[in-house]
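Working notes, beginning with the structure itself.
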Amino acid sequence: MKSRHFVTPSPAEVPVIAALRKAGFLKETDGRMATITCPMCQAIATYAVPSEQEPYGEVKCACGLSIIQLLEELGMELHEVRCCPTLNISRVPIHEIVDAAEELLAETGKVVACGRSLYTADYRSGVLAWIDEADLTRLLSQYGVFLKHDARSKSDLPVDPPARMVHLLMSTQYKQSVPQVMGVVRQPFVLTDGSLCLTPGYHTDLKVLAAFDPAPFRKFAWTGKVSASQAEESARFCEDLYREFAVEPSMKSTVLCAGLTAVQRGVLDRAPMILIQSNISGIGKSTLARVFALLVSEVPPSEISYPNSAEETGRTLFSALASAPACVLIDNIVGTLADYPALCTCLTEPLYESRVLRTSSTKQVSTRALFVGTGNYVVPAADMRRRVLSIRLVAPDEHLEQRRFEREDIDEFVRKHRPELVMHYLRIAAAYLQSGATVDCAPLSGLHNWSRRCREPIQALGYDDPALPMLKLLEEGDDDQVYRLQLLQALRHFFGAEAFTVSDIACLEQRQMLDALANVGVLKGGQLSREKLGWFLKGLAGFPIKGLLLERLGKHPQYRVKELK
Ligand SMILES: [Zn+2]
2 MKSRHFVTPS
12 PAEVPVIAAL
22 RKAGFLKETD
32 GRMATITCPM
42 CQAIATYAVP
52 SEQEPYGEVK
62 CACGLSIIQL
72 LEELGMELHE
82 VRCCPTLNIS
92 RVPIHEIVDA
102 AEELLAETGK
112 VVACGRSLYT
122 ADYRSGVLAW
132 IDEADLTRLL
142 SQYGVFLKHD
152 ARSKSDLPVD
162 PPARMVHLLM
172 STQYKQSVPQ
182 VMGVVRQPFV
192 LTDGSLCLTP
202 GYHTDLKVLA
212 AFDPAPFRKF
222 AWTGKVSASQ
232 AEESARFCED
242 LYREFAVEPS
252 MKSTVLCAGL
262 TAVQRGVLDR
272 APMILIQSNI
282 SGIGKSTLAR
292 VFALLVSEVP
302 PSEISYPNSA
312 EETGRTLFSA
322 LASAPACVLI
332 DNIVGTLADY
342 PALCTCLTEP
352 LYESRVLRTS
362 STKQVSTRAL
372 FVGTGNYVVP
382 AADMRRRVLS
392 IRLVAPDEHL
402 EQRRFEREDI
412 DEFVRKHRPE
422 LVMHYLRIAA
432 AYLQSGATVD
442 CAPLSGLHNW
452 SRRCREPIQA
462 LGYDDPALPM
472 LKLLEEGDDD
482 QVYRLQLLQA
492 LRHFFGAEAF
502 TVSDIACLEQ
512 RQMLDALANV
522 GVLKGGQLSR
532 EKLGWFLKGL
542 AGFPIKGLLL
552 ERLGKHPQYR
562 VKELK
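When you read off a place in the sequence shown, starting at 1, and then add 1, the result is the number in this note's numbering.
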């Protein structure tokens, strides 16, 4: 902790041991355990220093000496015995108290922040648990002593961590002392220059918590440069993992790229969702999804069913992301992968925020998880198309029975060979990043880092651009846009360059017009809703679509379709 006039750091020597020495009861100590003369019976007794289980330390003597009796004998108060910093908060401005309390939390080595929200972090498993005001009060009380001047007794007395301080600490935007965690990594990773990092713990520069045991990975580690031929060999090793899946032949590089995305997800600011599509059930979609989940982490993914509404999506994703899972798995999506705002946010923004049920507080969760979805004939809707990397599994025969894998349990295979697979994947990225080469590929907005680390390294080895399925989807345009264009074409067909009103459109009894109107959703029970059409045209006016532009004329709205040259 910073040096502050109202903060006394943790005592250098355990206070009870210092007092025992001063009182002449101490015989010897190694700093953790002390042999003492019992003040009650004068026999040999022991004192163990404070721990999380025994915050005042533990005393043992044949006479049954208790810690309270020992402290009375030494003239000590309970709060004077603890080995933690003391904050004397009388007459200290609240912002200084809040800063000091945050430093106290940082010193515990257990608390991190995702944006504004505080979490306890398990540095071994990478699991984060959100801290509410009650937890925070408890933590501060456990790791610090708060004193306040008491006028009546004219002394400083211990108090609970003040509620106002706790509240401010929960809600302040910028946490200065507590590590800011944007992502959790469950395996080694490569830095932007392609060098390998095998060190667990918090990485300040990347704002990443690396929670893994490096031992099993060391065997497959490398030093120095990775050559192109080594990277090719690694790609072959990784590719073999998918040999039994019925991946559409043109998507071999996409599958490889999905695996590379999984392995590096923790250090990527953004990554597309992996969508595994197929034409029948039982072809191995879920199995493949599980392979990707295992490449991110051995911890089981957070599994959700595809929500039915925008509101439900928010709630579902919020709770799925609460513990910073490595992977969010959405199995069996039916129909359309809708562009619900919450899902779009989770695939674009580093944090997702929502109100905590039945409280006035909000909570921020990190969105840095690999999203994997599966479904038969599922299609991403408008805004999802630029956020989804599709992989197709195609059954040549629709009556294919439940697919059997030669490697009976591919889950088990990946688990067993995970360190080797991860390191081979990392080699592919390392070789490319080290080489400083660039690959010429169509830019994808917001996915620069992902391209650099997951897409280009594969292309550099001579594979197809793994993002081709995404680019193709984007090129096809979305259905809504096609319908808007069809309406403009129909209007141009019937009215030419003349101006028209909503009523003029309503008077047309033409099949082509009705179809175009039905597709843009302005019919109500088979009849044209003039109100809906009015709003629709108002929204469409001014935006050109493939050379046609709807112009709005005057206050009493008339429209005209103009051809742009
Ligand atoms: Zn005794």
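Glycine included, C-beta positions come from ideal geometry on N, C-alpha and C.
Because the structure is a prediction, the values reported are computed rather than measured.
Would the C-beta of Leu41 count as close to ligand 1, meaning under 8 angstroms from any of its heavy atoms?
Contrary to the premise, residue 41 reads as Met rather than Leu in this sequence. Checking the Cβ of Met41 against ligand 1 gives yes.
Assuming Gly336 and Val373 are in contact, meaning their beta carbons sit under 8 angstroms apart, how far apart are those beta carbons, in whole angstroms?
At roughly 18 angstroms, the Cβ-Cβ gap does not stay under 8 angstroms, so Gly336 and Val373 are not in contact.
In the DSSP assignment, what residue or residues form a beta bridge with Leu588?
Outside the shown range of the chain (2 to 566) lies residue 588, about which nothing can therefore be said.
Report the three-state DSSP secondary structure of Pro458 (helix, strand or coil).
In the structure shown, Pro458 sits in a helix (DSSP, three-state: H, G or I).
Can you give me the Cβ contacts of Thr38 inside the same chain, cut-off strictly under 6 angstroms, excluding the 5 residues immediately before and after it?
Cβ within range, chain order: Phe26.
So which of Ser303, Arg316, Glu313 has the shortest CA-CA distance to Arg369?
The residue with the shortest Cα to Cα distance from Arg369 is Ser303.
Please report the Cβ distance between Gln580 and Arg165, rounded to the nearest whole angstrom; I am assuming they are in contact, meaning their Cβ atoms lie under 8 angstroms.
Residue 580 is absent from the model: the chain starts at 2 and stops at 566.
DSSP three-state label for His573, please.
Nothing can be reported for residue 573, as the shown portion of the chain is limited to 2 through 566.
Between which two residues does the beta strand (DSSP E) holding Cys328 run?
Element bounds for Cys328: 328-331.
Decide if Gln54 is buried, meaning its Cβ has at least 16 other Cβ atoms within 10 Å, or exposed.
With fewer than 16 Cβ atoms within 10 Å of its Cβ, Gln54 is classed as exposed.
Is it true that the CB of Glu78 sits closer than 9 angstroms to the CB of Leu72?
Yes. Within cutoff.
Taking 8 angstroms as the cut-off, is the C-beta of Leu66 nearer than that to any heavy atom in ligand 1?
Flag set: Cβ of Leu66 near ligand 1.
Ordered along the chain, which non-local residues of its own chain (more than five positions away) have a Cβ less than 6 angstroms from that of Ile292?
Before going further, note that residue 292 is Val rather than Ile in the sequence given. The residues are Val415.
Identify the residues that DSSP records as bridge partners of Val366: which are they?
Val366 is bridged to Tyr353.
State the beta-bridge partners of Tyr57 as determined by DSSP.
Per DSSP, none; premise fails for Tyr57.
Could you check whether the Cβ of Ala152 sits closer than 8 angstroms to any heavy atom belonging to ligand 1?
No - ligand 1 has no heavy atom lying nearer than 8 angstroms to the Cβ of Ala152.
Kindly confirm or deny that the stretch 492-506 and the stretch 456-471 touch, where touching means at least three C-beta pairs closer than 8 angstroms.
Taking 8 angstroms as the limit for Cβ pairs, the verdict is that the stretch 456-471 does not touch the stretch 492-506.
Which residues in the same chain have their Cβ closer than 6 angstroms to the Cβ of Ile98, if we skip the five residues on either side of it in sequence?
Ile90, Met166, listed in sequence order.
What three-state label does DSSP hand Cys42 in the structure shown?
Cys42: coil per DSSP, three-state reduction.
Applying the criterion that 16 or more other CB atoms from any shown protein chain within 10 Å of the CB defines a buried residue, is Ile429 buried or exposed?
Ile429 comes out buried.
Ligand 1 and Cys62: does the residue's C-beta get closer than 8 angstroms to at least one heavy atom of that ligand?
Checking the Cβ of Cys62 against ligand 1 gives yes.
Can you give the beta carbon distance from Leu551 to Val562, rounded, assuming they're within the 8 angstroms contact cut?
Confirmed, Cβ separation roughly 6 angstroms.
Does the structure place the stretch 318-337 close enough to the stretch 120-132 that three or more beta carbon pairs sit under 8 angstroms?
They touch, by the three-pair rule.
Put Ser361 into one of helix, strand or coil per three-state DSSP.
Three-state DSSP puts Ser361 in coil, outside helix and strand.
Output the boundary residues of the alpha helix (DSSP H) element that contains Met171.
First-last of the alpha helix (DSSP H) with Met171: 164-172.
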